[in-house]
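Numbering (this note's numbering), first residue to last: 109 to 257.
Heads up, the thing below is written out as structure tokens.
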Amino acid sequence: MLLYEIQAGDESIYSNPEVSEGKTQPGALEKPVHVDVRGEIHRLEFAGVKTNVITTKKGFMRSGDLHRHAQRDLILSGRVELWTLEGGQTVKKILGPNTYVVIGANIPHLFHFLEDTVMMEWWDGPFKAWFYRPYREIIDAQFKEMTKE
109 MLLYEIQAGD ESIYSNPEVS EGKTQPGALE KPVHVDVRGE IHRLEFAGVK TNVITTKKGF
169 MRSGDLHRHA QRDLILSGRV ELWTLEGGQT VKKILGPNTY VVIGANIPHL FHFLEDTVMM
229 EWWDGPFKAW FYRPYREIID AQFKEMTKE
């Protein structure tokens, strides 16, 4: 198993005008399964630990957010390009199967799926997301384009 770890960022990121509290549809995070054009999110809980198992189709993007607790991901199959904002610059790293990813607290991140991918994710504390506008706008525009009638 490979490890890719990004150290925690500065908490001052939350005062950045590009960061805002993440808004979701009422009840959206409580649904056990969420399905859309990108794939599926299965929300599970084991011994009090909330975990997502995510399938995503090639070409799509997810996240565009940051958290006050570290996020942990395990890529089970497929390949992703992980974007992280580090020191004011976007760092891109391609990661494949059997990679354990630790995204430190306060780090904006985006997943760009290069292949159909299955991964798990969980957090070191309660889940709460803030959106990083430059990344989130890319994801929202792509989603809107892909769901046009």
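Where is the CB? At the ideal position from N, CA and C, for every residue including glycine.
Quiz item: Just the Cα atoms here: how many angstroms apart are valine 188 and valine 210?
Solution: 14 Å
Practice problem: Pick out the complete beta strand (DSSP E) segments inside the stretch 142-210, 3 residues or longer, and give them in chain order. | Solution: For the stretch 142-210, whole beta strand (DSSP E) runs of length 3 or above, ordered along the chain, are 147-154, 157-164, 169-174, 179-185, 188-194 and 197-203.
Quiz item: Count the other CB atoms within 10 Å of the CB of valine 141; is the residue buried (16 or more) or exposed (fewer)?
Solution: exposed
Exercise. Take glycine 130 as the anchor and find which of Leu174, Trp238 and Gly156 has the nearest alpha-carbon.
Key: Trp238
Quiz item: Quick one: Cα of isoleucine 114 to Cα of arginine 170, how far?
Solution: 18 Å
Quiz prompt | Terminal residues of the alpha helix (DSSP H) in which tyrosine 243 lies | solution = 241-254
Quiz item: In this structure, what does DSSP give as the bridge partners for serine 128?
Solution: Phe239
Exercise. Quick one: grab the DSSP three-state call for isoleucine 215.
Key: coil
Practice problem: Leaving out five residues on either side along the sequence, give the residues of the same chain with a beta carbon under 6 Å from the beta carbon of tyrosine 122. | Solution: none
Self-check item: Residue interval of the beta strand (DSSP E) (run including methionine 228)
Solution: Its beta strand (DSSP E) spans residues 225-231.
Practice problem: Have a look at Phe221, Phe154, Thr255 and His150 and flag the residue whose alpha-carbon is nearest the alpha-carbon of isoleucine 162. | Solution: His150
Self-check item: Proximity winner among Leu174, Thr192 and Glu148, relative to proline 234 (alpha-carbon distances)
Solution: The candidate whose alpha carbon is nearest that of proline 234 is Leu174.
Quiz item: At a cut of 8 Å, does the stretch 208-223 reach the stretch 176-195 through at least three beta carbon pairs?
Solution: yes
Quiz item: DSSP three-state call for proline 134: helix, strand or coil?
Solution: Low confidence applies to proline 134: its pLDDT is 45, below 50, so where it sits in the model is not reliable, and the reading given next is rough at best. Coil.
Quiz prompt | isoleucine 247 classed as buried or exposed, judged by whether at least 16 other C-beta atoms fall within 10 angstroms | solution = buried
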